[in-house]
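Okay, here's the thing in structure tokens:
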């Protein structure tokens, strides 16, 4: 495959573009301090995140009706606040804290690397996060998307093929003119199954120091890069 | 209403942000020269555009199934090329010429004005144009959208209320936290009927020198500006 056949790069966002764990942990520590709770806030972020995959799986299986990630996060938040011993908190304040996921910092190469890739390709998000979350995050973290796209627009979460295919269709492109960039092999496998191209960018710090998975590409991935600048160089961007 | 209640500005695009008539006319003149056809190319642009409203009305009435604006433009193109005496042309070349509507120049204040408005508000397209068209146009004309949204995502064309309401819902906002910015009173009336706010920005040159309509706001519009900088000043943007 030549990189000139690719017209658009679509990006997994949580973990691939932004460092959700550090960003949520920091905001949770502030929230905890306000309410007199001490905890391991990295663990809190992991525990909050743990509801994400379960919530999406229930939607894709048909067990639950469609619900956006903001709602999945909010439901999980209710569970873990109780586990961590928080007192009752007003709904407005919870809704605001739930938007911690809209305020995630990009990895150090995110904005500059995306700008390089944007000079040659259409760049768009392809996250399970909902459009509002991704739009607010792009403003917060200065992510220069050409388009904010999401599994929300397909009504199916990744790794359902329709999540990838709907994104290519909205961009007016054939599936193999679109490449998913992600830090997670399972997501990239989903993209390949849907007919897209796949680029692994490793993010060894996503889960702190305990990560073993997703550090090596599978044999049929198209590109393998250590960050967005590395990918930009391999794709011949200036 | 205070401008601080507004969280997002959503924009009509054809005529409001970009000068479609001059841009399409210029590309049509080149296309005509290549095929040995002389014509009034402003009139050609108007005639091409004339199919747009009819095509959308047929979709909203249920007479036609959903079709994207690229398809509406392509069907209309077939009709007018015959009227203007063009010889048969290969489909690939027609598909490329049909993308003239993806390559429209912004009005002189478009990029700089949008950047000022973006400093204080979420800014997004809310066009009947499809996502691919709007994404390519944003790259071509340097339109710094926070999100590229479209009636395509509602499956209903403006001025159907769902086109406006779906956009607000995708942004996670209440209808009255979103203001449509448009150069067309009918579009703004549709926004108000759907529960959004409305700002008229006049574009007296959209149709050349013959325009009489859409130069004055209706009494219940929220803002009335002569260009995006004027609107930015009224909204207190730097």
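Protein chains in written order, with our numbering: chain A, 7 to 244; chain B, 7 to 244.
Glycine included, every Cβ here is placed at the ideal spot set by N, Cα and C.
Taking the beta strand (DSSP E) that residue 230/B falls in, what are its first and last residues?
Translated into the one-based positions of the second chain, residue 230/B becomes position 224. Looking at the DSSP string, the run of the beta strand (DSSP E) that includes residue 230/B is 229–231.
Ignoring anything shorter than 3 residues, give me the beta strand (DSSP E) runs that lie fully in the region 102–168 of chain A, in order along the chain.
128–133 and 153–156
Contacting residues, own chain, Cβ-Cβ under 7 Å from residue 48/A (five flanking each side not counted):
Taking the first residue of the first chain as position 1, residue 48/A is located at position 42. So the list reads 27, 31 and 214, once near-sequence residues are dropped.
Kindly list, in the order they appear in chain B, the residues whose Cβ is closer than 7 Å to that of residue 176/A.
The residue labelled residue 176/A in the question sits at position 170 within the first chain. Near residue 176/A (Cβ distances below 7 Å), the residues of chain B are 137 and 138.
So, under 8 Å CB-CB, residue 120/A and residue 129/A are touching, yes? Tell me the CB distance rounded to an integer number of Å.
By one-based count along the first chain, residue 120/A stands at place 114. By one-based count along the first chain, residue 129/A stands at place 123. Confirmed, about 6 Å.
Counting C-beta neighbours from all protein chains within 10 Å, is the total for residue 110/B 16 or more, i.e. buried, or is it exposed?
If you number the second chain from 1, residue 110/B lands on position 104. Its Cβ being crowded by 16 or more others within 10 Å, residue 110/B is buried.
Selected residue, minimal CA-CA separation from residue 179/B, among 79/A, 13/A, 15/A and 142/A:
Counting from 1 along the second chain, the entry for residue 179/B is found at position 173. For residue 179/B, the nearest C-alpha among the options comes from 142/A.
To the nearest angstrom, how far is it from the Cα of residue 15/B to the Cα of residue 218/A?
For the purposes of this step, residue 15/B is taken as residue 9 along the second chain, with counting starting at 1. For the purposes of this step, residue 218/A is taken as residue 212 along the first chain, with counting starting at 1. If I take the Cα positions, the gap works out to 44 Å.
Are residue 75/A and residue 139/A closer than 8 Å when you measure CB to CB?
Sequence index remark: in the first chain, residue 75/A carries index 69 (1-based). Sequence index remark: in the first chain, residue 139/A carries index 133 (1-based). Yes; because the gap between Cβ atoms is below 8 Å, this pair is in contact.
Opening and closing residue of the beta strand (DSSP E) in which residue 180/B lies:
Translated into positions along the second chain, residue 180/B becomes position 174. Where residue 180/B is concerned, there is no enclosing beta strand (DSSP E), given that its DSSP letter is neither H nor E.
For residue 24/A, which of helix, strand or coil comes out of DSSP?
Position 18 of the first chain, counted from the start, is the residue given in the question as residue 24/A. Strand at residue 24/A.
For a test of the three-state rule: what should DSSP assign to residue 17/B, helix, strand or coil?
Counting from 1 along the second chain, the entry for residue 17/B is found at position 11. In the three-state scheme derived from DSSP, where H, G and I count as helix and E and B as strand, residue 17/B is classed as strand.
Is the Cβ of residue 153/A closer than 8 Å to any Cβ of chain B?
Along the first chain, read from residue 1 onward, the residue named residue 153/A stands at position 147. So, interface residue.
Closest residue to residue 204/B among 132/B, 61/B and 154/B (Cα-Cα distance)
To locate residue 204/B, count along the second chain from 1; it is residue 198. The shortest Cα separation from residue 204/B among 132/B, 61/B and 154/B belongs to 132/B.
Just to confirm, is the Cβ distance from residue 21/A to residue 162/A under 8 Å?
As a first step, residue 21/A is located in the first chain; it is residue number 15 there, counting from the start. As a first step, residue 162/A is located in the first chain; it is residue number 156 there, counting from the start. Cβ atoms of residue 21/A and residue 162/A: not closer than 8 Å.
Contact list for residue 117/A against chain B, beta-carbon separation under 7 Å
In the first chain, residue 117/A corresponds to position 111, counting from 1. Per Cβ cutoff of 7 Å: no residues; residue 117/A is ~14 Å from chain B at best.
What are the residues that DSSP puts in a beta bridge with residue 207/A?
The sequence position of residue 207/A within the first chain is 201, counting from 1. Beta-bridge pairing links residue 207/A to 231/A.
The alpha helix (DSSP H) spanning residue 224/A covers which residue range?
For the purposes of this step, residue 224/A is taken as the residue at position 218 of the first chain. No alpha helix (DSSP H) holds residue 224/A; DSSP gives it neither H nor E.
What residue range does the alpha helix (DSSP H) around residue 77/A cover?
Counting from one through the first chain, the residue named residue 77/A turns up at place 71. For residue 77/A, the enclosing alpha helix (DSSP H) starts and ends at 75–89.
Below-8 Å beta-carbon distance, residue 98/B vs any chain A residue
Counted from its first residue, the second chain places residue 98/B at position 92. By this cut-off, residue 98/B is not an interface position.
In whole angstroms, give me the CA-to-CA distance for residue 233/B and residue 17/B.
Translated into the one-based positions of the second chain, residue 233/B becomes position 227. Translated into the one-based positions of the second chain, residue 17/B becomes position 11. Approximately 13 Å, taken between the alpha carbons.
By DSSP's criteria, residue 187/A is part of a beta bridge. Which residues make up the other side?
Walking along the first chain from the start, residue 187/A turns up at place 181. According to DSSP, which records beta bridges pairwise, residue 187/A is partnered with 17/A and 205/A.
Applying the criterion that 16 or more other CB atoms from any shown protein chain within 10 Å of the CB defines a buried residue, is residue 29/B buried or exposed?
Position 23 of the second chain holds residue 29/B. Only buried fits residue 29/B, as 16 or more other CB atoms lie within 10 angstroms of its CB.
So the alpha helix (DSSP H) residue 242/A belongs to, where does it begin and stop?
For the purposes of this step, residue 242/A is taken as the residue at position 236 of the first chain. Here residue 242/A belongs to no alpha helix (DSSP H), and DSSP marks it neither H nor E.
Can you give me the start and stop residues for the alpha helix (DSSP H) that residue 51/B sits inside?
Taking the first residue of the second chain as 1, we reach residue 51/B at position 45. Here the alpha helix (DSSP H) through residue 51/B covers 47–66.
Name the chain A residues whose beta carbon is nearer than 9 Å to that of residue 172/B?
As a first step, residue 172/B must be located in the second chain, where it is residue number 166. The contacting residues do not exist; residue 172/B stays about 10 Å from chain A at best.
Would you mind sorting residue 59/A into buried or exposed? The rule is 16 or more other CB atoms within 10 Å of its CB.
Working through the first chain from its first residue, we reach residue 59/A at position 53. Within a 10 Å sphere around the beta-carbon of residue 59/A sit fewer than 16 other beta-carbons, which makes this residue exposed.
Comparing C-alpha positions only, which one of 212/A, 187/A and 170/A sits nearest to residue 245/A?
Outside the displayed range of chain A (7 to 244) lies residue 245/A, so it cannot be described from this structure.
Backbone secondary structure at residue 218/A - three-state DSSP:
Position 212 of the first chain, counting from 1, holds the residue named residue 218/A. Three-state result, residue 218/A: coil.
Taking a cut of 8 Å between CB atoms, which residues from the region 58–90 of chain B lie near chain A?
76
Quick check on residue 44/B: does DSSP put it in helix, strand or coil?
Position 38 of the second chain, counting from 1, holds the residue named residue 44/B. DSSP places residue 44/B in coil when its eight states are reduced to three.
Rounding to the nearest angstrom, what Cα-Cα distance links residue 41/A and residue 19/A in this structure?
Here residue 41/A is taken as the residue at index 35 of the first chain, counted from 1. Here residue 19/A is taken as the residue at index 13 of the first chain, counted from 1. Cα-Cα distance, rounded: 30 Å.
Any idea if residue 101/A is buried or exposed, counting beta-carbon neighbours within 10 angstroms, 16 or more meaning buried?
Residue 101/A sits at position 95 when you count from the first residue of the first chain. Its Cβ having fewer than 16 others within 10 Å, residue 101/A is exposed.
Beta carbons nearer than 8 Å to chain A: which residues of the region 22–39 of chain B have them?
none
What does residue 141/B touch in chain A if you count any residue whose Cβ is under 7 Å from its own?
The residue labelled residue 141/B in the question sits at position 135 within the second chain. The contacting residues are 128, 152, 153 and 177.
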